[in-house]
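In the working numbering, the protein residues as written are 3 to 110. Scroll down for the structure; my scribbles are underneath it.
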């Protein structure tokens, strides 16, 4: 059974039982991410958030695009949704980092 790392009103991110991948569900989309892909997505989404945070966009209009895992796929987000996606990715990454640190400490 997958372990939920974080959830919000947009969706949730969970770790598979074998710890080999993460399952990110947001809106109507679900993605399977490898640990290094989590960091890549986190960086990309953080850059988009920073870039659009000061823009005079309608926060609910889906006008921000995020490249999908294949070249012909694009995800559209509102600024509000983008921040919620960033919350999912950042929170999961931080929890996994803390877990790694704690595991190293226990092994010593």
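No residue lacks a Cβ here, since even glycine has one placed at the ideal position from N, Cα and C.
Check	Outcome
Cβ-based burial, residue 88 [other Cβ within 10 Å; buried from 16]	buried
Where residue 17 falls, given that 16 or more other Cβ within 10 Å makes a residue buried	buried
Beta-bridge partners of residue 38, as assigned by DSSP	None, per the DSSP bridge assignment.
Chain C contact for residue 41 (CB, 8 Å cutoff)	Reference to chain C is not applicable here, since this structure consists of a single protein chain.
Alpha-carbon to alpha-carbon, residue 67 and residue 7	25 Å
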